[in-house]
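Colleague: Here it is: the structure, laid out below.
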Amino acid sequence: MSEPKNELAPAAARVAAAARDLGLTIEVVAMPASTRTAEEAAAACGCAVAEIVKSLVFRGRISKRPYLLLVAGSNRVDETAVAASIGEALARAPADDVRAITGYAIGGIPPFGHATPLAVFVDADLLGHARVWAAAGTPHAVFAVDPQALAAAVGATVIPMGRRAAGDRRSERDGRVADAGPMGVSRGASPLASPRPWR
Ligand code: 5CA
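Read in order, the letters of the sequence shown correspond to residues 80 to 278 in the numbering used here.
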């Protein structure tokens with residue numbers, strides 16, 4: 080695959096190099112518009128929000144171990160369900176902590192190539208797409224990837240991650256609804272627990 084014609088920012092170039100190290104064939108693209116949020120990234124990439132990978136850093140409340148959650152852009156993290164899968168409750172990492180752990184600023188956190196090793200979990204909903212888009216180090220850089228290839232390359236454990244954010248429209252390519260009850264998404268011990276509005 081040819082290199083992108085636009086010159087990449089150093090952080091984006093590091094992501095491209097990390098992908099090569101993993102044997103993952105991607106092309107990092109610098110977008111003229113912001114890709115800082117899942118919604119902005121979807122608009123810039125011309126895809127559904129459900130096809131955006133949010134790379135969110137949490138810490139175990141007990142172990143303090145850092146975890147990377149790769150979450151569908153249209154889903155909110157259901158912390159109760161995720162804790163049930165991972166085996167401990169999680170707390171969101173503050174921005175300066177995220178920067179130290181990953182080496183990247185929020186809005187550009189890539190799903191690999193971090194400053195420190197992270198246990199990685201991927202949202203089962205992401206695997207229903209042929210192609211998803213993830214951040215590549217800056218709030219303007221993204222890459223497209225087969226989610227199965229991404230999950231395999233980073234050694235991610237697939238878990239039910241969340242439920243659809245309020246007000247999000249179902250795209251025609253995403254026939255499932257990751258919401259409470261009937262679709263079989265694990266709700267953990269407390270179905271009434273209110274997940275934080277990760278977007
Ligand atoms: N580039 C886009 C799409 S790939 C992106 O990085 N999206 S994201 O969802 O992975 O990153 C933005 C996330 O950072 C949001 O989910 C938001 O909840 C989180 N965030 C924003 N501010 C903070 C903060 N101060 N501390 C921790 N997380 C934050």
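We put the CB at the ideal spot given by N, CA and C, even for glycine.
Predicted model only: the values in this text are computed from it and were never measured.
#1: Quick check: is any heavy atom of ligand 1 less than 7 Å from the C-beta of A90?
#2: Does the distance from the CB of F137 to the CB of L169 come in under 8 Å?
#3: For V128, which residues in the same chain have their Cβ closer than 7 Å to its Cβ, ignoring the five residues on either side in sequence?
#4: Buried or exposed, going by whether 16 or more other CB atoms sit within 10 Å of the CB of R99?
#5: Pick helix, strand or coil for T159, following the three-state DSSP scheme.
#6: Quick check: what's the CA-CA separation for T217 versus A97?
#7: Using the C-alpha atoms, what's the distance from I105 back to A219?
#8: In this structure, what does DSSP give as the bridge partners for S134?
#9: Could you tell me if A123 is buried or exposed, where buried requires 16 or more neighbouring beta carbons within 10 angstroms of its beta carbon?
#10: Under the DSSP definition of a beta bridge, which residues are partnered with F222?
#11: Starting from R115 and walking both ways along the beta strand (DSSP E), at which residues does that stretch end?
Modeller: Concretely, from the data shown:
#1: no
#2: yes
#3: A117, E118, A121, G152, S153 and D247
#4: exposed
#5: helix
#6: 14 Å
#7: Note on residue identity: the sequence assigns His, not Ala, to residue 219. Taking the straight line from one Cα to the other gives about 16 Å.
#8: L149
#9: Under a 10 Å Cβ-count criterion, A123 is classified as buried, with 16 or more other Cβ atoms of the shown protein chains found around its own Cβ.
#10: Note: F222 sits in a beta bridge opposite A213.
#11: Premise fails: R115 is in no beta strand (DSSP E) and is neither H nor E.
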